[in-house]
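**Student:** Position 12 (the sequence shown) corresponds to 52 in the working numbering; numbering is contiguous.
Backbone N, C-alpha and C fix where the C-beta goes; we use that ideal spot for every residue, glycine too.
These numbers were taken from a predicted model, which means no experiment stands behind them.
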Amino acid sequence: MTELELYEEMVKLSRRGEQFVLATVVSHGGSSPRKAGAKMLVRSDGSCLGTVGGGRVEQETIAAAVETLAGGDPRTLEFILTEENGYACGGSMSVFVEARGRLPLLVMFGAGHVGRAVTRLAHGCGFRVIVVDERPDCALPELLPGADRIVCAAVDDAFGQLQLDRRSFAVIATPAHLHDFDAVRGCLATEAAFIGLLGSRRKRETLLKTLESEGYDAAQLARVVTPVGLDIGAQTPEEIAVSIVGQLIAIRNGK
41 MTELELYEEM VKLSRRGEQF VLATVVSHGG SSPRKAGAKM LVRSDGSCLG
91 TVGGGRVEQE TIAAAVETLA GGDPRTLEFI LTEENGYACG GSMSVFVEAR
141 GRLPLLVMFG AGHVGRAVTR LAHGCGFRVI VVDERPDCAL PELLPGADRI
191 VCAAVDDAFG QLQLDRRSFA VIATPAHLHD FDAVRGCLAT EAAFIGLLGS
241 RRKRETLLKT LESEGYDAAQ LARVVTPVGL DIGAQTPEEI AVSIVGQLIA
291 IRNGK
């Protein structure tokens, strides 16, 4: 296995939304099976790519990796490789294990000019992007090269194919107000961390009045950010995408 192959697998798993653990030898002394910098990837099913030395060191590292995947914190494992500790090497090594992968998810409702620009930029900024659009002539891979997945379905039907959790973001920019409002309702039924709607302040007022009349409370209404995007005077689809993705990055980074 080459280091390039390991990094390619990391990217592939991240894009699929699958968590994994990266174990890295951060220090070594004496006669140790691997030197500092050696890496091993542990997938969610316990399978591995690469090695940190084999034997008990590797077994204990894999066990720690599985615990980390189950919600444990990153940690450093210290190995004293002496005979009294059950090892034969006689050296020492430290292995750092941390969970990786599972990029934050952005669900982009609408594959128009803005949706395409947002998809392209968000993909390059470390988001896994799912695009939802019921128009077959818009929901095309060649038009959405940054999309990790495309759902060609009506908004109401699409939610059965989506999982929005507390690490998920939703941006809504469909071609019709009714579809926008359906998407907002669907997102409010999830734990999505962010729900942003493209549109004017007048559209915001109409949406809030509509939802309020349907029984949504103030806390639910406060989850809807509209107009979505930072106020940078954006005009073109590309500029609007910068304002939206910039806002998503700020939230992702706790700003």
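From Asp271 to Ile280, what does the alpha carbon distance come to, in whole angstroms?
**Tutor:** Answer to the nearest angstrom: the Cα atoms are 9 angstroms apart.
**Student:** Taking only runs that begin and end inside the region 86–115, name each unbroken beta strand (DSSP E) of 3 or more residues, in chain order.
**Tutor:** Complete beta strand (DSSP E) runs here, min 3: 88–90.
**Student:** Tell me, which residues are paired with Ile212 by DSSP?
**Tutor:** Answer by DSSP bridge pairing, in chain order: Phe149 and Leu237.
**Student:** For Thr64, does the three-state DSSP call read helix, strand or coil?
**Tutor:** Correct three-state label for Thr64: strand.
**Student:** Answer yes or no: do Gly352 and Phe60 have a C-beta to C-beta separation smaller than 8 angstroms?
**Tutor:** With the chain represented from 41 up to 295, any question about residue 352 goes unanswered, as that position is not in the structure.
**Student:** Within the continuous beta strand (DSSP E) that includes Arg225, where are the two ends?
**Tutor:** No beta strand (DSSP E) contains Arg225, which is instead part of the alpha helix (DSSP H) from His217 to Leu228.
**Student:** Please name the residue, chosen from Ala139, Val137, Thr159 and Val154, that lies closest to Val147 on a Cα-to-Cα basis.
**Tutor:** Ranking Ala139, Val137, Thr159 and Val154 by Cα distance to Val147 puts Thr159 first.
**Student:** Within 10 angstroms of the Cβ of Ser72, are there 16 or more other Cβ atoms? Answer buried if so, exposed if not.
**Tutor:** Looking at its Cβ environment, which holds 16 or more other Cβ atoms inside 10 Å, Ser72 is buried.
**Student:** Our contact map puts Leu183 next to Phe221 with C-beta atoms below 8 angstroms; I'd like the distance itself, whole angstroms only.
**Tutor:** Not quite, the Cβ-Cβ distance comes to about 25 angstroms (not below 8 angstroms), so this is no contact.
**Student:** Quick one: measure Cβ to Cβ for Gly236 and Val195, integer angstroms, because I've assumed they're closer than 8 angstroms.
**Tutor:** With 8 angstroms as the limit, Gly236 and Val195 do not qualify as a contact, their Cβ atoms being about 15 angstroms apart.
**Student:** Would you mind stating whether Ala213 and Leu180 have Cβ atoms separated by less than 8 angstroms?
**Tutor:** No. Outside cutoff.
**Student:** Would you check if the distance between the CB atom of Thr101 and the CB atom of Val66 is smaller than 8 angstroms?
**Tutor:** Cβ atoms of Thr101 and Val66: not closer than 8 angstroms.
**Student:** For Val265 and Gln201, what's the separation of their Cα atoms in angstroms?
**Tutor:** Each residue's Cα considered, the two are about 24 angstroms apart.
**Student:** State the start and end residues of the unbroken alpha helix (DSSP H) segment that holds Val172.
**Tutor:** Val172 -> not in any alpha helix (DSSP H); beta strand (DSSP E) instead, spanning Arg168 to Val172.
**Student:** Using the Cβ count rule (16 or more neighbours within 10 Å means buried), how would you classify Thr108?
**Tutor:** With 16 or more other Cβ atoms within 10 Å, it is buried.
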